[in-house]
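Every letter in the sequence shown is one number past the one before it in this note's numbering, and letter 52, counting from 1, is 131.
Read the structure below first, then the notes.
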Amino acid sequence: MRRWAFILVIIVAGIILAYIFEKTGLWRTVSPDELKNSIEIIDVETKWVKKYYQPWPAKLILVPAISFRVKNISDKPLRYINFNANFRFKDDYENLGDCFLAAIRNDPVLPGETSDLITLKSNYG
80 MRRWAFILVI
90 IVAGIILAYI
100 FEKTGLWRTV
110 SPDELKNSIE
120 IIDVETKWVK
130 KYYQPWPAKL
140 ILVPAISFRV
150 KNISDKPLRY
160 INFNANFRFK
170 DDYENLGDCF
180 LAAIRNDPVL
190 PGETSDLITL
200 KSNYG
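Shown next, in the form of structure tokens:
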């Protein structure tokens, strides 16, 4: 009997926590349209960067990278934004690497402001 009471208490506590998280917005996700209307990607630059250099015997490994800034065009601060990049040549299917970066975390980007420079560099090479 005690075991069933314990399981019931855990289930009720889980339901209460789920309700609280839902009402406070902790589980809220942003739709693609809302995201499009709240950020603007500016100062985009693509380039090849050094991943590894060895003077002797001479060896240089270059990988693709992209740098940009995020401008907040919404009326709320941007607190958490993750970026995922897949690098490949235009009209080609060969993957030249990828990169996942949790770029905006501790310091939110306030409305009308621009983030620091964000650089995603391929992990392949």
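C-beta: ideal position from N, C-alpha, C; glycine also.
Check                                                                                                                                                        : Outcome
If Lys129 and Leu114 are in contact, beta carbons under 8 Å, what's the gap, nearest whole angstrom?                                                         : Not a contact, Cβ separation roughly 33 Å.
Under the three-state reduction of DSSP, which class applies to Thr125: helix, strand or coil?                                                               : strand
Pro143 bridges to which residues according to DSSP?                                                                                                          : Trp127
Would you check if the segment 159–166 and the segment 174–190 touch, i.e. whether three or more CB-CB distances between them fall below 8 Å?                : yes
Report all residues from its chain with a CB closer than 7 Å to the CB of Lys126; omit the five preceding and five following residues, and keep chain order. : Ala144
For the beta strand (DSSP E) that contains Asp177, what are its first and last residues?                                                                     : 177–183
Run through the DSSP bridge pairs and tell me what Val88 is partnered with.                                                                                  : Val88 is not bridged to any residue.
Straight-line CA distance for Tyr131 to Leu175?                                                                                                              : 16 Å
Pop quiz: Phe147 and Ile121 are said to be a contact at Cβ under 8 Å. What is the actual Cβ separation, rounded to whole angstroms?                          : 7 Å
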